[in-house]
Amino acid sequence: AAEEGFDVEEVEGAIDAAGHGPLPVLAVVGRPNVGKSTLVNRIIGRREAVVEDKPGVTRDRVTYEAEWAGRRFKVVDTGGWEQDVLGIDASVAAQAEYAIEAADAVVFVVDAKVGATDTDEAVVRLLRKAGKPVVLCANKVDGPSGEADASYLWSLGLGEPHPVSALHGRGTGDMLDAVLEALPEAPEQAFGGVVGGPRRIALIGRPNVGKSSLLNKVAGEERVVVNELAGTTRDPVDELIELGGVTWKFVDTAGIRKRVHLQQGADYYASLRTAAAVEKAEVAVILIDASESISVQDQRIVTMAVDAGRAVVLAFNKWDTLDEERRYYLEREIETELGQVAWAPRVNVSARTGRHMEKLVPAIETALAGWETRVPTGRLNAFLGELVAAHPHPVRGGKQPRILFGTQAGTKPPRFVLFASGFIEAGYRRFIERRLREEFGFEGTPIHMSVRVRE
Ligand code: GDP
Ligand code: GDP
């Protein structure tokens, strides 16, 4: 490294930064209008469209990356869902429950000006049951005069209320310090908290693609319910299912089996559920209805799994209904609409007839293997050296940026750090990723690649 002009500390720092495993997950919960979205915006330090959304407008993004005091984590925002037919308590509880389940720690937001309401108390009961670390945020304390309001919230029995003004930023630093203390260094929930337990699969896809039918088909009578959150608004969530002689954990299946009929916010609710399932899983089996055109919603779900860094399998369902013409157009659509996951193993199945069910497990195993692949540094650099010699980066402004060396900083998914003598263009990065895949496989997994440029 030194002879290439990078100092050792810089290289090690870059590798550390890139090599993190899955990030811990923080859920922000509370009843409507307490300021959850405002707080999430504060935490992620950006002004995304979160708060500007009008009620009823679908928000499909629920997970954001954040950093505080040098530590990175994910934030799940539950602010996007309106009250529905279940009534306010049940609605808030149901949405909070999904988020809590997928989280390593929770920020519970209460409007300090209003004080604790019955709905807040209902969420407190959920939090107690879940047993996750909780940081109590007494929001809307815009000035010193509001501090007294905050202290009333000791009565919730969740420990110290942190007085915060999400709107103006007051107190958020202290609260985030408490959050970092509550968050585990290594996330437990993201990987189920069990090392060496059954591999975790999220079966996801838009409504009516056949998730429930597929689950019934593969599970038969063998399903075992493994996780019961007693007395809550939902059914059990994770199920152990034996497939191909191996036991797998299908996460968050309750939402699949039991249709929740919602009048408002159903899309957001579905997004939140999908995001939570993806967070808990190692591999996402994305089910697509092959009989219909691939939709924007399908693409969003794909993006969610890829952004979360999960292994991906694409399953095209309802194959029994396809005629030759549809099959032709489907192939074209896959090329144009699903290019971002051209690397994902694919199975064409029918949950109705059972067609190709036996191909599901090999595809899942392939994707997990790609997700865990580690390329030794020596091999990687031999490969990079040849690649750069044979296909140099285009000359820019009289200079030719060069990849000097690289290393794989982590797996699940594979993360690479490349060190370069100048700015490497996006097209060339994509070229390198393509060649990496050709050389080393990586089937079924996103690849992260960061480039450090010598100063
Ligand atoms: P959510 O439904 O819990 O996500 O709440 P929002 O973030 O959408 O906020 C609801 C309303 O409370 C908005 O009008 C915000 O501007 C306002 N709000 C949020 N945080 C604060 C705060 O710290 N102080 C004051 N005064 N208003 C706030
Ligand atoms: P979910 O909303 O994704 O859980 O979808 P469901 O499993 O409820 O299925 C939606 C509809 O598609 C139901 O009417 C199913 O009978 C039908 N369906 C599911 N899989 C298949 C399949 O492989 N072939 C056909 N022809 N219909 C299917």
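Residue 339 in the UniProt record's numbering is what sits at position 310 of the sequence shown, and the numbering runs on without skipping anything. All residues carry an ideal CB built from backbone N, CA and C; glycine is no exception.
DSSP links serine 479 through a beta bridge to Val446. Within the stretch 163 to 205, complete alpha helix (DSSP H) segments of at least 4 residues are found at 176 to 180, given in chain order. Per the Cβ contact rule, the stretch 421 to 437 is not in contact with the stretch 369 to 380 (fewer than 3 Cβ pairs under 8 Å). Excluding the 5 residues flanking it on each side, alanine 310 has same chain C-beta neighbours closer than 7 Å at Arg229, Ile230, Ala231, Val280, Arg339, in chain order. Remark: three or more beta-carbon pairs, one from each stretch, lie closer than 8 Å, so the stretch 127 to 137 and the stretch 51 to 70 are flagged as touching. In its chain, beyond the 5 residues on either side, no residue has a beta carbon closer than 6 Å to the beta carbon of arginine 463. Checking the DSSP bridge columns, you'll see arginine 101 partnered with Glu96.
With 6 Å as the limit, the residues whose C-beta approaches a heavy atom of ligand 2 more closely than that are Gly234, Pro236, Asn237, Val238, Gly239, Lys240, Ser241, Ser242, Ile285, Asn346, Lys347, Asp349, Thr350, Ser379, Ala380, Arg381, in chain order. Using a 10 angstroms sphere on the CB of aspartate 45, the tally of other CB atoms stays under 16, which defines it as exposed.
With fewer than 16 other Cβ atoms from the protein chains shown falling within 10 Å of its own Cβ, proline 423 counts as exposed.
For aspartate 171, the CB falls within less than 7 Å of some heavy atom of ligand 1. Closer than 7 Å to some heavy atom of ligand 1: that describes the Cβ of leucine 196. Here DSSP, grouped into helix, strand and coil, assigns phenylalanine 412 to helix.
When DSSP reads this structure, glutamine 437 sits in a beta bridge with Phe445.
Remark: C-beta atoms of alanine 195 and leucine 397 do not approach each other more closely than 8 Å. One thing to note: phenylalanine 469 has its Cβ no nearer than 8 Å to the Cβ of threonine 406. Residue range 65 to 73 is occupied by the alpha helix (DSSP H) that includes threonine 67. Taking histidine 191 as reference, the option from Gly200, Ile453, Ser184 with the minimal CA-CA separation is Gly200.
A direct Cα-to-Cα measurement between phenylalanine 102 and aspartate 352 gives close to 46 Å.
In the three-state scheme derived from DSSP, where H, G and I count as helix and E and B as strand, isoleucine 230 is classed as strand.
Judged by pairs of C-beta atoms under 8 Å, the stretch 352 to 367 touches the stretch 307 to 327, as three or more such pairs exist.
The Cβ-Cβ distance between glutamate 308 and valine 482 does not fall below 8 Å. Segment contact: the stretch 156 to 172 against the stretch 329 to 347, fewer than three CB-CB distances shorter than 8 Å; contact not assigned.
Around the beta carbon of valine 342, a 10 Å sphere encloses 16 or more other beta carbons of the protein chains shown; the residue is thus reported as buried.
Between ligand 1 and threonine 67, a heavy atom-to-CB distance of less than 7 Å is present.
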